[in-house]
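The structure appears below as structure tokens.
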Amino acid sequence: MTSNAHRARDRVRWARVPRWMRTIVRRAAFAGGVLLVFAACSQAPSTLRPASKPAQQLFVLQWWLIGIAFAVMLIIGVLIVVPLRHRIRTVADAPLEDGGSTKPIAVGIVISALILAAVFVYSAVVLADDARPDSPPHLAVKVTGHRWWWEVEYMSPDSSNAHQNVVGANEIHIPVGEPVQILGTAADVIHSFWVPQLQGKIDLIPGQTNVFWIRADKPGRYRGQCAEYCGLQHAHMIFWVVAQPRAEFDAWLAHARQPATAPQSPLEAEGKQAFLTAPCVLCHTVRGTGAGGKLGPDLTHVGSRLTIGAGTLANTPGNLAGWIENAQAIKPGVAMPRLDLPPATMQKILAYLESLN
Amino acid sequence: MATTIVQPGGTPPAVTLPVNGKPHHTSGWWGMILLVVTEASLFAFLLFSYFYLDAQNTLWPPPGPPDINLAMINTIILVVSSVPARLGTMAIRRGARARLSLSIVVTMALGLAFLIIEAIEWSQKSFTPQTDAYGSLFFTITGFHYAHVAVGMLMLLVILLRNWAGHFNAHRHTAVENVMLYWHFVGVVWLFVFTTLYITPHWWR
Amino acid sequence: MATATIETRLMRLWETPHSLYGFFASTDHKSVGKRYLVTAFVFLLAGGVEAMVMRAQLIKPANHFLSPEAYNQLFTMHGMTMIFWYASPILSGISNYFFPLWIGARDFAFPRLNMFSYWTFLMSGIVLYTGYIAGYAPDRGWFNYTPLADPLYSPGLNEKFYCVALLLLTVSTTVGAINFIVTAFKLRAPGMSIGRMPLALYGTLTASFSNIFALPSLSVALAFLFLEHRFGMHFFDVSAGGRPLLWQHLFWIFAHPWVYIIVLPALSFISMIIPTFSRRPIIGYTWNALGVAATGVLGFGVWVHHMFATGLPPMAMSFFMAGSMAVVLPSAISIFVWLVTLWHGRPVMSTAMLFALGFIFLFVIGGVDGVFTGSIPADWQVTDSYFVVAHIHYVLIGINVFPILAAFYYWLPKITGRMMSERLGKWNFWIMFIGMNIAFFPMHNLGLLGMPRRVYTYQAGLGWTATNIVVSIGAYIFAFGVLLFVLNFFWSLIDGPIAGPNPWDASSLEWATSSPPPPYNFAVMPTVRSRDPLWEERLGMGKRSDVFVGPVISDEEKVTLGTTPLDGLPQRVVSFPEDSVYPFLTSVALTAICYGLILGLWGLALSGALFTFFFVTGWLWYAPKPVEV
Ligand code: HEA
Ligand code: HEA
Ligand code: CUA
Ligand SMILES: [Cu+2]
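This is the structure we're talking about:
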């Protein structure tokens, strides 16, 4: 990789380079080092670990640009340092110089212009390539940014029966190896949809729908995060893309299309009652029950979700309890108020939500 | 008054130069030109915003194309008001102070008429600045221009007073040149505002 | 007559009384310049301290050191303070002090406007920070996107402070720009044709022209937003036919030219420093001059590169990608001009030179980052990530802070009359240079690793933690470097060696007068007939310019020589207005309007307006001297 090359070259030169230049080289090496270390780091939602064709393309483009960057840095660095060879101590130590030609300037400009032209063409090609997927997408997902969570709506193939659409939140399931069309918009302020390993950013802007596509070539979970500053909890507006084989995905979607599972145990049944009588219903929908609120994420299958609070916490009974107890403590400023439910009610509701897988 | 330039070191007095020189050589005149340029771009951006939202909205202007009559009268008034302004400048160049005062007064009268009619037209609008984006833009753009006319009036007032105080003559009257330039500018800008707000809606639909 | 007596008489004529009145009334461009420098530097420290606090919050994941509210206010105030109240005013400070000296004049074309510009700048900063202290700091980021900044999502006074403080600043900047332009075109020393102007002028000139055309775009955006907040109008909210992107267009049409406005003067300062310490005239004077101007022009054709992710049509965006590539070339010109000059010279590694060379290197890094983000697909990955934060700091610190420090080490001896410590200076440079790169280079990686900007905290286990620690440490090292500069400055005031008129044996006019220069700058009006008036003999072109002997124009009143715009032929004698408090009073009245608007105190706003009118009238009200023909 480019940074490898740099480090190798650096080591050879190291001995005879003057002091100034060493700082430069040290920097290049340092950068290369850090890049490598973290490129290897598994958890990172890193653009350096692309998991799809488009991301792969951007990744290659990135490395070319990084390469050019380091090359330019190195060249200019050398050009700064070499003439310092015949430096003098004070302004009085030598007579004034004169003459000199401007040709090198012209040469530099021409070279730069060529490089820049190349960058432009290459970028334009990638741009055109990324504009549309190589096969028409079979699945369209509408993603709506809310402060600070993601509404996810799986559009049914024929728009005529929109009631077939499946609504979820903070988690996007997609079939592996297929392009998936994303219809991005926002309900309140501007957000930005970014899954570094799958695709570049696209802003979600109120009153406008940005159509683009993502795709994952390996099954797995990919972290996404809101990339446009959207207020207090911009830092905790996270989502996950779950890529699974087609069959698995179809099964999941079929299940997701079902209304909420009916309570199994008496506790859950009481929980359901408690939930429906609590303020929750003002903001949350649980399909198949009376709860039809729209201010918060759909909870129909909340039990089966990876996280709560838009990726803020892992979805464990403890965290869920803490969240319902006082979401404000976990994610200060969320639209979900502290409700101070009596502990008994809490337990019931908790049990019910757990059961909603 | 001319200042002789003293040369130390024996060299004979070189040139004699006028103090501040012709009005169009003064810094003041250049300053005013630049002010006009930046003001012009201010209006350019206002109109850019108008056209941007025009292009973005299917229904524009929402209340339908505005009624032109009053605006047309105003346009004529403002354009005409440039004539006495111009006469004033020419007068003071000849040193005719009384004529300058007169033409300033006439110009201000026309300016006042413009302001009053504009106010009347506003009062007749079916929408308010709060109604929608169009309303906001309409009142903001015309309002900005209104403010410029008002400021122009104040400037005219000041040079009127200074003229009475005898500050101006055939050689020193940069202030007059500047204010009149500003006044012409306010008139020209109105032509753009008028075309944008009143004419284009009729063209394009 | 003997020059001595002339000088004493000029002194009597030009000196401002050392009284309270004198303090508020002085129109001497040198005192205005000094005030600009001090004030802007204080803003640098303020913004820097804000940054230090931010870095403390980000030093570890899931940190609770700062609340989200506090953090959001901090990064917004940091960005605004640095970009608007430090970066541009500090350049105006240098230019204010040296403009007339560079061109051999005795003051600006509009001395009163000049001090008005300073007072208004100060007031606008005070408005902003009173907002902060009162708990109403802007907290929507320095570019303040709508709808987040719309009344619906930003109730409270914060946004009102944002709009009004900035509007007041645009007033100051606009009049300043006009003053620079007129002065440069009307008051140059006789013989100083356009082609002989010191290169330093080109940057400030270009920046001033850009200001004239770009600032109105910001003013319009701010006016719209303020009207939304104060009077419930609609410009940006979809529900009423507005569009969020309207704000983005208006803002960036202004803001990209702006980022060049806050570096071009700095670049041209470097074009003065590098020749001096390469012991030779610059090579490619014309290239450099045209390059700077070209950057200013092209700078208006790239604003959409800040909006690559907003879903605009690819064709349209490609145009701006091309623009972003094209705008590189003029910068490249400057770089190669400096390099060639260096290669054909005998470098002197003074502290100023160190900062200049360090700057070139940082400029290149920041620049190639810009090329990276200028490529649309690449930008889709890094936009709004820490990669951009890296870019802006390499360019802003690299191309603004470093040249400014170079300029300080170079020109402060002229201002204070005393040298700074070169030894401490070297430490100063290396600590800042190394700290800078430790702090900001790893930010590139953070961006590539997917860390978004403007997050008040981040989760552990994402591979961001270690890098953030490094960044924070680097930031503190850098800050320590800045502190060293402050120390060096005060040391030089106390017992720095006396500088003398021309400590660096430089070639331009400011070095022809004493350090610090007398209130009237030059006893005799220099006549310039080459680009390096003080070097002519030694460059073997023979003595052409008359710098020390020349016309002494009238010592009965405050006057300077007016020349023709292009060839600089003597045209007229320009008389200066006396000192006056009206400019100060005017900006106070304007400030009253501002607070009135923010707080909705219409009485205050109205009386402010009234007083503004009276003061301006008083300001412009002067009877001409009796004129006989
Ligand atoms: C200090 C001012 C300054 C300067 C000088 C620049 C210079 C440049 N900037 Fe930068 N920019 C900012 C300040 C500045 N920028 C700020 C503040 C932001 C962020 C705003 C925000 O979001 O908060 C920003 C953001 C920004 C973006 C948007 C990023 C994003 O938000 O997604 C882009 C995209 O194209 C960009 C591009 C460029 C380019 C192409 C240059 C070019 O002018 C650079 C040209 C110079 C060189 C390239 C180096 C010298 C050249 C050579 C040595 C020749 C050889 C080189 C090559 C062949 C590559 N800038
Ligand atoms: C000229 C412009 C400039 C400068 C100099 C700086 C300087 C610094 N900046 Fe700044 N920065 C911006 C312009 C600038 N920044 C902008 C425009 C943004 C975008 C804002 C936005 O997103 O809206 C930004 C954003 C920004 C962020 C991203 C915030 C976020 O997105 O969440 C960070 C994070 O690390 C940061 C850090 C720093 C640091 C550590 C410094 C250091 O260099 C600071 C060094 C310290 C000093 C210069 C002061 C030294 C203090 C002392 C020596 C103590 C003495 C004090 C007294 C005597 C009182 N900056
Ligand atoms: Cu949503 Cu940031
Ligand atoms: Cu830009």
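Protein chains in written order, with the working numbering: chain A, 10 to 366; chain B, 80 to 284; chain C, 2 to 630.
Using N, Cα and C, we set each Cβ at its ideal position, and we do this for glycine too.
Contact check for Phe-278 (chain C) and Pro-217 (chain C): beta-carbon distance about 39 Å, past the 8 Å limit, so the pair fails to qualify. Distances from the alpha-carbon of Met-345 (chain A) to those of A:Trp-157, A:Glu-279, A:Asn-219 and A:Pro-104 put A:Trp-157 closest. Only Leu-113, Leu-114, Val-116, Thr-117, Ser-120, Leu-121, Phe-124, Leu-125, Ser-128 and Tyr-131 from the stretch 112-131 of chain B bring a Cβ to less than 7 Å from some Cβ of chain C.
At the C-beta level, Phe-124 (chain B) and Val-221 (chain C) come within 8 Å of one another. Taking C-beta atoms as the reference points, Ala-88 (chain C) and Ser-125 (chain C) fail to come closer than 8 Å. A distance below 6 Å between beta-carbons, with the five flanking residues on each side excluded, links Val-204 (chain A) to the following residues of its chain, in chain order: Tyr-231, Gly-233 and Val-250. In the DSSP assignment, His-155 (chain A) is bridged to A:Trp-158. DSSP lists C:Gly-563 as the bridge partner or partners of Arg-573 (chain C). If you draw a straight line from the Cα of Phe-321 (chain C) to the Cα of Ile-599 (chain C), it comes to about 37 Å.
Here Ala-294 (chain C) has Tyr-203 and Thr-207 as same chain residues with Cβ atoms under 7 Å from its own Cβ, once five neighbours each way along the sequence are excluded. Between the alpha carbons of His-264 (chain A) and Gly-154 (chain A) lies a distance of about 24 Å. Short of 7 Å from the beta carbon of Gly-48 (chain C), and not among the five residues preceding or following it, lie these beta carbons of its own chain, in chain order: His-79, Thr-82, Met-83 and Tyr-87. At a cut-off of 7 Å, the beta-carbon of Val-250 (chain A) does not count as near ligand 1: no heavy atom of the ligand is closer than that.
At least one C-beta of chain C is nearer than 8 Å to the C-beta of Pro-92 (chain A). The continuous alpha helix (DSSP H) containing Ser-93 (chain C) extends over residues 89-104.
Contact annotation: the stretch 496-513 of chain C does not touch the stretch 424-438 of chain C, with fewer than three C-beta pairs closer than 8 Å. Within a 10 Å sphere around the beta-carbon of Ala-500 (chain C) sit 16 or more other beta-carbons, which makes this residue buried.
Every residue with a CB closer than 6 Å to a heavy atom of ligand 3 is listed here in chain order: A:Gly-154, A:Trp-157, A:His-200, A:Cys-235, A:Glu-237, A:Tyr-238, A:Cys-239, A:His-243 and A:Met-246.
Between the C-alpha atoms of Trp-603 (chain C) and Gln-209 (chain B) there is a straight-line separation of about 19 Å. Per DSSP, Ala-170 (chain B) is not a residue of any beta strand (DSSP E); the alpha helix (DSSP H) it occupies stretches across 148-172. Closer than 8 Å to the CB of Trp-109 (chain B) there is at least one CB belonging to chain C. Chain order gives the chain A residues near Trp-536 (chain C) as Leu-105, where near means a beta carbon separation below 7 Å. When distances are taken from the beta-carbon of Thr-154 (chain B) to the heavy atoms of ligand 2, even the shortest one reaches 7 Å or more. Residue state for Pro-69 (chain C) is assigned as helix, using DSSP reduced to three classes. Beyond the five residues adjoining it in sequence on each side, Ile-361 (chain C) comes within less than 7 Å, by CB distance, of Ile-336 and Trp-339 in the same chain, given in chain order. Around the beta carbon of Met-151 (chain B), a 10 Å sphere encloses fewer than 16 other beta carbons of the protein chains shown; the residue is thus reported as exposed. Residue nearest to Arg-241 (chain B) within the set B:Asn-136, B:Ile-171 and B:Val-268 is B:Ile-171 (criterion: CA-CA distance). In this structure, Tyr-477 (chain C) keeps its C-beta atom at 8 Å or more from the C-beta atom of Tyr-72 (chain C).
Residue side-chain check: His-250 (chain C) keeps its Cβ at 7 Å or more from all non-hydrogen atoms of ligand 1.
The Cβ atoms of Asp-107 (chain A) and Arg-281 (chain C) sit closer than 8 Å to each other. Short of 8 Å from the beta carbon of Ser-546 (chain C), and not among the five residues preceding or following it, lie these beta carbons of its own chain, in chain order: Gly-192, Pro-527, Thr-528, Val-529, Arg-530, Ser-531, Pro-534 and Glu-537. Nearest Cα to Tyr-623 (chain C) within the set C:Asp-580, C:Leu-14, C:Thr-592 and C:Val-589: C:Asp-580.
It is roughly 23 Å from the alpha-carbon of Val-43 (chain C) to the alpha-carbon of Phe-144 (chain C). With 16 or more other Cβ atoms inside 10 Å of its own Cβ, Leu-70 (chain A) counts as buried. When only Cα atoms are considered, Gly-167 (chain B) and Trp-109 (chain B) end up about 20 Å apart. Ile-213 (chain C) sits close to Val-116 (chain B), with the two beta carbons spaced by under 8 Å.
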